[in-house]
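Worksheet: one structure, shown below.
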Amino acid sequence: MIIDRYIATEIAKPFAIAISGLVVIFIAYTSAVILNDVVAGKFGVQVVATLIMLRTLIIMEVLLPTALYLSVVMGIGRLYRDSEMVALWSLGVSEKRLLRSVLPLALVVALLVASISLYGRPWAYRLSYQLEQQAALTASVEQMRPGHFSVLGDGRLVFTADRVDVAEKRAEKVFVQHDTGTGRRVIRAAEARLLAVKPDPKVRFTDGYAYDFDMKGGNDSVMRFGSMTLDLYEENEQRVEEKRKAKPTAQLDRSRPKELAEYQWRLSMPLATLMLGVLALPLSYTRPRQGRHLSLFIAIVVYALFFNLTAMARTWVEHGNVGAVPGIWWVHLLLAILLLALLARRRP
(Lines of atoms letter the chains of each structure in order from A and count residues from 1; the text may use other names and numbers.)
(Lines give C-alpha, C1' and ligand atoms only; values in the text may rest on other atoms or scores of the structure.)
Protein backbone atom coordinates (compact mmCIF):
# COMPACT_ATOMS: atom_id res chain seq x y z
CA MET A 1 0.00 0.00 0.00
CA ILE A 2 2.82 2.43 0.87
CA ILE A 3 4.60 1.63 -2.39
CA ASP A 4 1.38 2.10 -4.37
CA ARG A 5 0.85 5.51 -2.77
CA TYR A 6 4.47 6.47 -3.46
CA ILE A 7 4.19 5.57 -7.15
CA ALA A 8 0.83 7.36 -7.43
CA THR A 9 2.37 10.47 -5.82
CA GLU A 10 5.27 10.40 -8.28
CA ILE A 11 2.70 10.53 -11.09
CA ALA A 12 0.29 12.99 -9.44
CA LYS A 13 2.95 15.67 -8.87
CA PRO A 14 4.00 16.03 -12.54
CA PHE A 15 0.31 15.71 -13.52
CA ALA A 16 -0.58 18.75 -11.40
CA ILE A 17 2.35 20.70 -12.83
CA ALA A 18 1.59 19.66 -16.42
CA ILE A 19 -2.14 20.45 -16.33
CA SER A 20 -1.49 23.79 -14.60
CA GLY A 21 1.13 24.75 -17.17
CA LEU A 22 -1.03 23.72 -20.13
CA VAL A 23 -4.05 25.62 -18.77
CA VAL A 24 -1.99 28.77 -18.15
CA ILE A 25 -0.55 28.64 -21.68
CA PHE A 26 -3.99 28.14 -23.22
CA ILE A 27 -5.57 30.94 -21.16
CA ALA A 28 -2.77 33.31 -22.21
CA TYR A 29 -3.30 32.41 -25.86
CA THR A 30 -7.10 32.57 -25.88
CA SER A 31 -7.07 35.82 -23.86
CA ALA A 32 -4.97 37.45 -26.58
CA VAL A 33 -7.38 36.22 -29.28
CA ILE A 34 -10.51 37.40 -27.41
CA LEU A 35 -9.03 40.78 -26.47
CA ASN A 36 -8.08 41.29 -30.11
CA ASP A 37 -11.76 40.75 -31.02
CA VAL A 38 -12.75 43.26 -28.33
CA VAL A 39 -10.37 45.86 -29.77
CA ALA A 40 -11.84 45.18 -33.22
CA GLY A 41 -15.29 45.99 -31.80
CA LYS A 42 -16.76 42.52 -32.27
CA PHE A 43 -18.07 42.44 -28.69
CA GLY A 44 -17.70 44.19 -25.35
CA VAL A 45 -15.18 43.58 -22.60
CA GLN A 46 -17.89 42.37 -20.19
CA VAL A 47 -17.96 38.87 -21.72
CA VAL A 48 -14.18 38.31 -21.87
CA ALA A 49 -13.82 36.40 -18.59
CA THR A 50 -16.81 34.14 -19.31
CA LEU A 51 -15.61 33.31 -22.82
CA ILE A 52 -12.13 32.46 -21.52
CA MET A 53 -13.61 30.08 -18.94
CA LEU A 54 -15.88 28.42 -21.50
CA ARG A 55 -13.09 27.92 -24.04
CA THR A 56 -10.84 26.55 -21.31
CA LEU A 57 -13.54 24.02 -20.37
CA ILE A 58 -13.82 22.98 -24.03
CA ILE A 59 -10.08 22.34 -24.41
CA MET A 60 -9.85 20.37 -21.16
CA GLU A 61 -10.95 17.19 -22.98
CA VAL A 62 -7.58 17.35 -24.77
CA LEU A 63 -5.41 18.88 -22.04
CA LEU A 64 -6.34 16.31 -19.37
CA PRO A 65 -5.27 13.19 -21.33
CA THR A 66 -2.15 15.05 -22.49
CA ALA A 67 -1.17 15.91 -18.92
CA LEU A 68 -1.89 12.37 -17.70
CA TYR A 69 0.19 10.80 -20.47
CA LEU A 70 3.17 13.10 -19.91
CA SER A 71 3.00 12.77 -16.12
CA VAL A 72 3.21 8.96 -16.24
CA VAL A 73 6.13 9.09 -18.67
CA MET A 74 7.99 11.66 -16.56
CA GLY A 75 7.09 10.24 -13.13
CA ILE A 76 7.90 6.59 -13.83
CA GLY A 77 10.80 7.62 -16.05
CA ARG A 78 12.39 9.44 -13.11
CA LEU A 79 12.17 6.27 -11.02
CA TYR A 80 14.07 4.41 -13.73
CA ARG A 81 16.72 7.13 -14.16
CA ASP A 82 17.38 7.42 -10.41
CA SER A 83 17.58 3.62 -10.07
CA GLU A 84 14.64 3.65 -7.65
CA MET A 85 12.92 1.13 -9.88
CA VAL A 86 15.77 -1.33 -9.27
CA ALA A 87 15.04 -1.11 -5.55
CA LEU A 88 11.34 -1.61 -6.22
CA TRP A 89 12.08 -4.69 -8.34
CA SER A 90 14.11 -6.13 -5.46
CA LEU A 91 11.07 -5.66 -3.22
CA GLY A 92 8.99 -7.71 -5.61
CA VAL A 93 7.18 -4.85 -7.37
CA SER A 94 6.07 -6.17 -10.78
CA GLU A 95 4.71 -4.56 -13.95
CA LYS A 96 1.25 -5.57 -12.77
CA ARG A 97 1.82 -3.69 -9.51
CA LEU A 98 2.89 -0.59 -11.43
CA LEU A 99 -0.20 -0.88 -13.61
CA ARG A 100 -2.36 -1.16 -10.49
CA SER A 101 -0.84 2.09 -9.22
CA VAL A 102 -1.44 3.94 -12.50
CA LEU A 103 -4.97 2.70 -13.26
CA PRO A 104 -6.89 4.54 -10.48
CA LEU A 105 -5.61 7.96 -11.59
CA ALA A 106 -6.15 7.06 -15.26
CA LEU A 107 -9.74 5.97 -14.53
CA VAL A 108 -10.51 9.17 -12.60
CA VAL A 109 -9.13 11.35 -15.39
CA ALA A 110 -10.96 9.28 -18.04
CA LEU A 111 -14.28 9.73 -16.19
CA LEU A 112 -13.64 13.46 -15.93
CA VAL A 113 -12.87 13.62 -19.66
CA ALA A 114 -16.07 11.64 -20.37
CA SER A 115 -18.19 14.15 -18.46
CA ILE A 116 -16.55 17.05 -20.30
CA SER A 117 -16.63 15.47 -23.75
CA LEU A 118 -20.21 14.17 -23.57
CA TYR A 119 -21.86 16.98 -21.59
CA GLY A 120 -19.59 19.89 -20.63
CA ARG A 121 -18.13 20.61 -24.07
CA PRO A 122 -21.48 20.85 -25.96
CA TRP A 123 -22.91 23.03 -23.17
CA ALA A 124 -19.86 25.29 -23.25
CA TYR A 125 -20.09 25.62 -27.05
CA ARG A 126 -23.80 26.52 -26.86
CA LEU A 127 -23.28 29.17 -24.20
CA SER A 128 -20.15 30.51 -25.90
CA TYR A 129 -21.89 30.98 -29.27
CA GLN A 130 -24.89 32.65 -27.64
CA LEU A 131 -22.67 35.00 -25.63
CA GLU A 132 -20.63 35.94 -28.69
CA GLN A 133 -23.75 36.65 -30.75
CA GLN A 134 -25.48 38.66 -28.03
CA ALA A 135 -22.31 40.60 -27.21
CA ALA A 136 -21.66 41.34 -30.89
CA LEU A 137 -25.23 42.58 -31.33
CA THR A 138 -25.03 44.70 -28.19
CA ALA A 139 -21.78 46.25 -29.42
CA SER A 140 -23.36 46.96 -32.83
CA VAL A 141 -26.47 48.53 -31.30
CA GLU A 142 -24.44 50.68 -28.90
CA GLN A 143 -22.46 52.05 -31.85
CA MET A 144 -25.61 53.03 -33.79
CA ARG A 145 -26.08 56.73 -34.48
CA PRO A 146 -28.98 58.43 -36.32
CA GLY A 147 -28.07 59.06 -39.94
CA HIS A 148 -25.01 56.77 -39.81
CA PHE A 149 -24.63 53.32 -41.38
CA SER A 150 -24.10 50.30 -39.12
CA VAL A 151 -23.53 46.61 -39.79
CA LEU A 152 -25.65 44.02 -37.98
CA GLY A 153 -25.33 40.27 -37.47
CA ASP A 154 -22.90 38.46 -39.75
CA GLY A 155 -22.46 41.50 -42.00
CA ARG A 156 -25.40 40.88 -44.35
CA LEU A 157 -27.47 43.79 -42.98
CA VAL A 158 -26.37 47.41 -43.47
CA PHE A 159 -28.63 49.63 -41.41
CA THR A 160 -29.38 53.33 -40.96
CA ALA A 161 -32.25 55.18 -39.24
CA ASP A 162 -33.48 58.69 -38.49
CA ARG A 163 -33.99 57.93 -34.79
CA VAL A 164 -32.33 55.28 -32.62
CA ASP A 165 -33.29 54.21 -29.08
CA VAL A 166 -30.32 52.13 -27.90
CA ALA A 167 -31.89 51.22 -24.55
CA GLU A 168 -35.04 49.81 -26.20
CA LYS A 169 -33.09 48.39 -29.17
CA ARG A 170 -35.52 50.16 -31.46
CA ALA A 171 -35.18 52.49 -34.44
CA GLU A 172 -37.61 54.60 -36.47
CA LYS A 173 -37.69 55.42 -40.18
CA VAL A 174 -35.14 52.80 -41.08
CA PHE A 175 -33.38 51.95 -44.32
CA VAL A 176 -31.70 48.54 -44.65
CA GLN A 177 -29.73 46.79 -47.36
CA HIS A 178 -29.88 43.01 -46.99
CA ASP A 179 -27.52 40.73 -48.93
CA THR A 180 -29.53 37.53 -49.46
CA GLY A 181 -26.75 35.61 -51.21
CA THR A 182 -28.66 35.34 -54.49
CA GLY A 183 -29.63 38.97 -54.68
CA ARG A 184 -30.11 42.17 -52.74
CA ARG A 185 -33.08 43.36 -50.73
CA VAL A 186 -33.67 46.96 -49.72
CA ILE A 187 -36.08 47.56 -46.85
CA ARG A 188 -37.79 50.79 -45.83
CA ALA A 189 -39.81 50.58 -42.64
CA ALA A 190 -41.43 52.84 -40.09
CA GLU A 191 -39.84 50.89 -37.24
CA ALA A 192 -37.29 48.16 -36.56
CA ARG A 193 -36.83 46.32 -33.28
CA LEU A 194 -34.07 43.89 -32.30
CA LEU A 195 -35.40 40.62 -30.87
CA ALA A 196 -32.97 38.82 -28.55
CA VAL A 197 -34.39 35.39 -29.40
CA LYS A 198 -32.20 32.42 -28.41
CA PRO A 199 -30.32 30.87 -30.04
CA ASP A 200 -30.71 33.04 -33.17
CA PRO A 201 -31.37 36.79 -32.74
CA LYS A 202 -33.73 38.44 -35.21
CA VAL A 203 -34.83 41.91 -36.26
CA ARG A 204 -38.51 42.74 -36.83
CA PHE A 205 -39.57 45.47 -39.24
CA THR A 206 -42.99 47.14 -39.05
CA ASP A 207 -45.00 48.95 -41.73
CA GLY A 208 -42.76 49.18 -44.77
CA TYR A 209 -41.69 48.02 -48.22
CA ALA A 210 -39.19 45.38 -49.32
CA TYR A 211 -37.55 45.79 -52.73
CA ASP A 212 -35.95 42.57 -54.03
CA PHE A 213 -33.31 42.95 -56.75
CA ASP A 214 -32.25 39.85 -58.66
CA MET A 215 -28.55 40.23 -59.47
CA LYS A 216 -29.11 38.29 -62.72
CA GLY A 217 -32.02 40.53 -63.66
CA GLY A 218 -35.61 39.77 -64.58
CA ASN A 219 -37.06 38.86 -61.18
CA ASP A 220 -37.16 42.16 -59.31
CA SER A 221 -40.16 42.65 -57.03
CA VAL A 222 -41.72 44.98 -54.46
CA MET A 223 -43.59 43.82 -51.35
CA ARG A 224 -45.67 45.84 -48.94
CA PHE A 225 -45.66 44.43 -45.41
CA GLY A 226 -47.16 45.15 -42.03
CA SER A 227 -44.55 43.10 -40.17
CA MET A 228 -41.47 41.20 -41.37
CA THR A 229 -38.80 39.33 -39.39
CA LEU A 230 -35.26 38.53 -40.56
CA ASP A 231 -32.59 36.29 -39.07
CA LEU A 232 -29.41 38.20 -38.29
CA TYR A 233 -27.22 35.17 -38.91
CA GLU A 234 -27.27 33.17 -42.12
CA GLU A 235 -27.37 29.37 -41.98
CA ASN A 236 -23.96 28.95 -43.64
CA GLU A 237 -21.43 26.14 -43.28
CA GLN A 238 -19.77 27.77 -40.27
CA ARG A 239 -23.10 28.12 -38.47
CA VAL A 240 -23.98 24.48 -39.17
CA GLU A 241 -20.63 23.39 -37.72
CA GLU A 242 -21.19 25.55 -34.63
CA LYS A 243 -24.62 24.01 -34.06
CA ARG A 244 -23.18 20.51 -34.47
CA LYS A 245 -20.52 21.11 -31.81
CA ALA A 246 -23.14 22.60 -29.49
CA LYS A 247 -25.72 19.84 -29.98
CA PRO A 248 -26.28 17.51 -26.98
CA THR A 249 -24.68 14.11 -27.55
CA ALA A 250 -27.99 12.23 -27.46
CA GLN A 251 -29.39 14.48 -30.22
CA LEU A 252 -26.58 13.96 -32.74
CA ASP A 253 -27.92 12.38 -35.94
CA ARG A 254 -25.53 9.50 -36.64
CA SER A 255 -26.99 9.02 -40.14
CA ARG A 256 -25.21 12.25 -41.13
CA PRO A 257 -21.45 11.81 -41.64
CA LYS A 258 -20.40 15.03 -39.89
CA GLU A 259 -22.58 14.39 -36.86
CA LEU A 260 -21.41 10.77 -36.78
CA ALA A 261 -17.80 12.01 -36.68
CA GLU A 262 -18.66 14.38 -33.83
CA TYR A 263 -20.43 11.57 -31.95
CA GLN A 264 -17.51 9.15 -32.30
CA TRP A 265 -15.01 11.85 -31.29
CA ARG A 266 -16.89 12.50 -28.04
CA LEU A 267 -17.07 8.80 -27.22
CA SER A 268 -13.44 8.18 -28.13
CA MET A 269 -11.85 10.78 -25.84
CA PRO A 270 -12.43 8.93 -22.51
CA LEU A 271 -11.19 5.68 -24.10
CA ALA A 272 -8.12 7.44 -25.50
CA THR A 273 -7.41 8.95 -22.07
CA LEU A 274 -7.41 5.55 -20.38
CA MET A 275 -5.35 3.88 -23.10
CA LEU A 276 -2.76 6.68 -23.22
CA GLY A 277 -2.41 6.61 -19.44
CA VAL A 278 -1.60 2.89 -19.53
CA LEU A 279 0.55 3.15 -22.69
CA ALA A 280 2.76 5.72 -20.98
CA LEU A 281 3.85 3.05 -18.50
CA PRO A 282 5.93 0.88 -20.89
CA LEU A 283 7.03 3.98 -22.82
CA SER A 284 8.55 5.42 -19.63
CA TYR A 285 11.07 2.57 -19.37
CA THR A 286 14.64 3.89 -19.42
CA ARG A 287 17.68 1.67 -19.83
CA PRO A 288 20.87 2.32 -17.83
CA ARG A 289 23.05 5.04 -19.38
CA GLN A 290 20.23 5.89 -21.78
CA GLY A 291 19.66 9.59 -22.53
CA ARG A 292 17.47 11.33 -19.95
CA HIS A 293 14.95 12.57 -22.48
CA LEU A 294 14.88 9.75 -25.05
CA SER A 295 11.83 8.03 -23.56
CA LEU A 296 10.00 11.37 -23.36
CA PHE A 297 10.84 12.10 -27.01
CA ILE A 298 9.54 8.69 -28.12
CA ALA A 299 6.37 9.18 -26.06
CA ILE A 300 5.73 12.59 -27.66
CA VAL A 301 6.19 11.12 -31.15
CA VAL A 302 3.69 8.32 -30.37
CA TYR A 303 1.23 10.85 -28.92
CA ALA A 304 1.50 13.18 -31.93
CA LEU A 305 1.09 10.27 -34.35
CA PHE A 306 -2.00 9.02 -32.51
CA PHE A 307 -3.81 12.37 -32.51
CA ASN A 308 -2.86 13.14 -36.12
CA LEU A 309 -4.21 9.77 -37.23
CA THR A 310 -7.37 10.37 -35.18
CA ALA A 311 -7.85 13.78 -36.83
CA MET A 312 -7.37 12.20 -40.26
CA ALA A 313 -9.84 9.40 -39.47
CA ARG A 314 -12.36 11.96 -38.22
CA THR A 315 -12.05 13.92 -41.47
CA TRP A 316 -12.66 10.74 -43.48
CA VAL A 317 -15.84 10.07 -41.51
CA GLU A 318 -17.00 13.70 -41.92
CA HIS A 319 -16.60 13.46 -45.70
CA GLY A 320 -18.38 10.12 -45.86
CA ASN A 321 -15.30 8.24 -47.06
CA VAL A 322 -15.53 5.88 -44.07
CA GLY A 323 -18.70 4.62 -42.38
CA ALA A 324 -19.54 4.11 -38.72
CA VAL A 325 -17.37 0.98 -38.86
CA PRO A 326 -14.43 1.28 -38.77
CA GLY A 327 -15.11 5.02 -38.26
CA ILE A 328 -12.32 6.51 -36.18
CA TRP A 329 -12.01 3.35 -34.09
CA TRP A 330 -9.29 1.77 -36.21
CA VAL A 331 -6.81 4.29 -34.76
CA HIS A 332 -7.70 3.17 -31.24
CA LEU A 333 -7.35 -0.45 -32.35
CA LEU A 334 -3.80 0.29 -33.53
CA LEU A 335 -3.09 1.96 -30.19
CA ALA A 336 -4.46 -1.08 -28.34
CA ILE A 337 -2.25 -3.43 -30.39
CA LEU A 338 0.82 -1.28 -29.63
CA LEU A 339 -0.13 -1.22 -25.94
CA LEU A 340 -0.54 -5.01 -25.70
CA ALA A 341 2.71 -5.59 -27.60
CA LEU A 342 4.69 -3.31 -25.27
CA LEU A 343 3.14 -4.81 -22.13
CA ALA A 344 3.87 -8.35 -23.37
CA ARG A 345 7.45 -7.38 -24.16
CA ARG A 346 7.98 -5.94 -20.68
CA ARG A 347 6.47 -8.96 -18.91
CA PRO A 348 9.19 -10.84 -16.98
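Using my numbering, you'd call the opening residue of the sequence shown number 1195 and step up by one each time. Positions of the beta carbon are idealized from the N, C-alpha and C atoms, including for glycine.
Asked: Touch test, the region 1465-1477 against the region 1296-1312, Cβ-Cβ under 8 Å, three pairs minimum; Found: yes
Asked: Backbone secondary structure at Phe-1237 - three-state DSSP; Found: coil
Asked: Distance between Leu-1299 and Pro-1476 (C-alpha atoms, nearest Å); Found: 16 Å
Asked: Neighbourhood of Lys-1452 by C-beta distance below 7 Å, restricted to the same chain and skipping five residues each side; Found: Arg-1438 and Glu-1512
Asked: At least three beta-carbon pairs within less than 8 Å, the region 1233-1242 to the region 1259-1270; Found: no
Asked: Own chain partners of Ile-1492 with C-beta closer than 8 Å, once the 5 adjacent residues on each side are dropped; Found: Leu-1477
Asked: Own chain residues within Cβ distance below 6 Å of Tyr-1457, not counting five before or after; Found: Leu-1446 and Arg-1448
Asked: Cross-strand partners of Gln-1371 (DSSP beta bridge); Found: Val-1352 and Val-1380
Asked: Unbroken alpha helix (DSSP H) run spanning Ser-1472, endpoints; Found: First, the amino acid is wrong: residue 1472 is Val here, not Ser. It spans 1451-1477 - the alpha helix (DSSP H) in which Val-1472 sits, taken as one unbroken run.
Asked: Cβ-Cβ separation, Thr-1504 to Val-1525 (assumed contact under 8 Å), whole Å; Found: 5 Å
Asked: Alpha carbon of Phe-1209 to alpha carbon of Val-1368, nearest angstrom; Found: 58 Å
Asked: Three-pair Cβ contact test at 8 Å for the region 1311-1330 versus the region 1215-1223; Found: no
Asked: Beta-carbon contacts of Ser-1225 that lie in its chain and below 7 Å, excluding the five residues immediately before and after; Found: Ile-1246
Asked: For Val-1360, the three-state DSSP class (helix, strand or coil); Found: coil
Asked: As assigned by DSSP and simplified to three states, the class of Lys-1437; Found: helix
Asked: Identity of the residue in Pro-1395, Thr-1400 and Ile-1196 nearest Gln-1324 by Cα; Found: Pro-1395
Asked: Ala-1518, DSSP secondary structure in three states; Found: coil
Asked: Best match in Ile-1213, Arg-1387 and Asp-1373 for proximity to Glu-1366 [C-alpha to C-alpha]; Found: Arg-1387
Asked: Rounded distance between the beta-carbons of Met-1463 and Ser-1311, thought under 8 Å; Found: 4 Å
Asked: Three-state secondary structure assigned by DSSP to Asp-1231; Found: helix
Asked: Rounded Cβ spacing between Arg-1418 and Tyr-1403 (contact assumed at less than 8 Å); Found: 6 Å
Asked: Reduced DSSP category for Arg-1418 - H, G, I as helix; E, B as strand; rest coil; Found: strand
Asked: Residues near Arg-1294 in its chain [Cβ-Cβ closer than 8 Å; skip 5 each side]; Found: Asp-1198
Asked: Euclidean distance between Cα positions of Ala-1474 and Ser-1489; Found: 10 Å
Asked: Pair within 8 Å by beta-carbon distance, Thr-1400 and Ala-1384; Found: yes
Asked: Thr-1400 - containing alpha helix (DSSP H), residue span; Found: First-last for Thr-1400: 1396-1408, but that is the beta strand (DSSP E), not the alpha helix (DSSP H).
Asked: Unbroken alpha helix (DSSP H) run spanning Ser-1489, endpoints; Found: 1488-1512
Asked: Closest residue to Phe-1500 among Leu-1454, Val-1256, Tyr-1200 and Asp-1408 (Cα-Cα distance); Found: Val-1256
Asked: Simplified DSSP assignment, three categories, for Leu-1534; Found: helix
Asked: Residue range of the unbroken beta strand (DSSP E) whose run includes Leu-1346; Found: 1344-1346
Asked: Helix, strand or coil at Leu-1446 according to DSSP, with G and I counted as helix; Found: coil
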